[in-house]
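Visitor:
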Amino acid sequence: MDHTFAALADPTRRQVVELLRDGPRRASEIADALGMSRPAMSRHLRVLRTKGLVDVETATADARERLYQLRPDTFVALQAWLDQLQAYWSEQLGSFKKHAEATRRGRQAR
Amino acid sequence: MTKPASVRVTVYVAVDPAAAFEVFTAEIDEWYRRGPHNFFDPVRAVAIRFEPGVGGRLLEVYGEGKPREMARVEVWEPGIRLLLRDSRDTEIDVTFEASGDETKVTLEHRGLERLPTAEAESHARFGGRLLIAWFSEYMRERTSA
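Those protein sequence lines, which keep their order, are chains Y and F. Going by my numbering, the first residue of the first sequence is number 1, and it counts up by one from there. Going by my numbering, the first residue of the second sequence is number 111, and it counts up by one from there.
Following this line, the structure appears as structure tokens:
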């Protein structure tokens with residue numbers, strides 16, 4: 001998890017992830033889409049790969065043709081984290097409801 | 111390019127909107143769930159409270175020393191709406207809406223995409239303040255596809 005967030009600290013890498021949501025892309029396509037040089041993009045892709053956010057489809061022998069794609073397991077973990085925030089607010093609002101009904105309803109009835 | 115991210119929770123409370131707003135704000139210390147992750151400094155925190163009105167603060171209060179500002183009030187409309195902006199620039203928007211004999215209270219925590227990743231990471235241990243974003247949409251798309 002920590003690795004994931006570290007990898008996403010960089011806005012370019014977040015944009016790469018956004019782009020890959022639409023499907024696998026070649027490194028050159030990613031670089032072009034973000035208006036970045038290929039060597040610079042290649043460094044970002046390496047970080048995303050080592051941190052486990054994307055992986056590479058190595059179906060073709062030609063390295064230039066390799067497709068980058070998101071690793072779903074990582075995103076499941078991130079979603080779980082977001083779900084935790086939702087659960088936190090659900091718990092707080094549930095407690096709020098209980099307190100409001102316990103105190104206000106009684107008062108209205110009197 | 112980053113998509114907006116938020117979480118949203120709704121509850122129906124069997125009181126009128128004015129009472130719901132009052133309980134939410136004036137009595138937050140009575141309903142806010144304690145827990146190791148629900149305070150910034152859970153060891154020292156003794157209370158949580160609102161300063162009413164626009165510009166007021168949501169404070170975490172300590173036994174001694176200055177309270178800590180957790181968020182600032184941007185909209186304060188009793189019985190209607192409360193909008194907070196926290197120190198990380200995320201927004202907590204709470205609306206109160208009459209619904210029959212009840213009040214529909216909707217809390218939306220948004221702007222999560224603005225949370226710098228380093229902050230998100232350091233807050234991962236605070237159950238409530240964690241987050242990061244656009245993934246929810248991503249996952250919805252994946253699961254509905």
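We treat Cβ as the ideally placed atom computed from N, Cα and C, and that holds for glycine.
Return the residue from the list F/F206, F/R144, F/R198 and F/D199 that minimises the CA-CA distance to F/I190.
Guide: The shortest CA-to-CA distance from F/I190 to any of F/F206, F/R144, F/R198 and F/D199 is the one to F/F206.
Visitor: Can F/L193 and F/V183 be called in contact, C-beta distance under 9 Å?
Guide: Remark: C-beta atoms of F/L193 and F/V183 approach each other more closely than 9 Å.
Visitor: Counting only beta-carbon atoms, is Y/E101 nearer than 9 Å to chain F?
Guide: The beta carbon of Y/E101 sits closer than 9 Å to some beta carbon of chain F.
Visitor: Tell me where the beta strand (DSSP E) around F/E218 begins and ends.
Guide: Segment E212 to R220, the beta strand (DSSP E) holding F/E218.
Visitor: Excluding the 5 residues flanking F/A128 on each side, which residues of the same chain have their C-beta closer than 7 Å to its C-beta?
Guide: P188 and G189
Visitor: Would a C-beta distance cut-off of 9 Å place Y/R21 and Y/A31 closer than the cut-off?
Guide: No, the pair does not count as a contact, with Cβ atoms beyond the cut-off.
Visitor: Going by DSSP, what residue range makes up the alpha helix (DSSP H) through Y/M41?
Guide: R38 to T50
Visitor: For a contact defined as C-beta to C-beta under 7 Å, what are the partners of F/W186 on chain Y?
Guide: Near F/W186 there are no residues of chain Y at all, since even the closest Cβ is about 17 Å away, more than 7 Å.
Visitor: Determine whether the beta carbon atoms of F/V119 and Y/R104 lie at a separation below 9 Å.
Guide: no
Visitor: Just tell me which of F/H219, F/E161, F/Y122 and F/S209 has its CA closest to the CA of F/D139.
Guide: F/E161
Visitor: Would Y/K113 count as contacting chain F if we go by Cβ distances under 9 Å?
Guide: Any property of residue 113 of chain Y remains undetermined from this structure, which presents chain Y solely from 1 to 110.
Visitor: Looking at C-alpha atoms only, which residue of F/A136, F/V156 and F/V121 is the closest neighbour of Y/S90?
Guide: F/V121
Visitor: If you reduce the DSSP assignment to three classes, tell me which class Y/R66 lands in.
Guide: Correct three-state label for Y/R66: coil.
Visitor: For F/L217, return the contacting residues in chain Y, with the cut-off set at a CB-CB distance below 7 Å.
Guide: Ordered by position in chain Y, the residues that pass the 7 Å Cβ test against F/L217 are W89 and L93.
Visitor: Under 9 Å, do Y/Y68 and Y/P11 count as touching if we go by C-beta distance?
Guide: no
Visitor: By the criterion of Cβ-Cβ separation under 7 Å, what are the contact partners of F/F134 in chain Y?
Guide: F96
Visitor: Fully enclosed by the segment 138 to 191 of chain F, which alpha helix (DSSP H) runs are 4 residues long or longer?
Guide: 138 to 141
Visitor: At least one CB of chain F closer than 9 Å to the CB of Y/L82: is that the case?
Guide: yes
Visitor: Report the residues of the segment 13 to 36 of chain Y with a CB closer than 8 Å to any CB of chain F, ordered along the chain.
Guide: R14, Q15, E18 and R21
Visitor: Between the C-alpha atoms of Y/A40 and Y/V17, what's the straight-line distance to the nearest angstrom?
Guide: 16 Å
Visitor: From F/Y172 to Y/E65, what distance separates their C-alpha atoms?
Guide: 59 Å
Visitor: Establish whether the CB of F/Y172 and some CB of chain Y are separated by less than 9 Å.
Guide: No, because no Cβ of chain Y sits closer than 9 Å to the Cβ of F/Y172.
Visitor: Considering only DSSP beta bridges, list what F/R118 is partnered with.
Guide: F/E218
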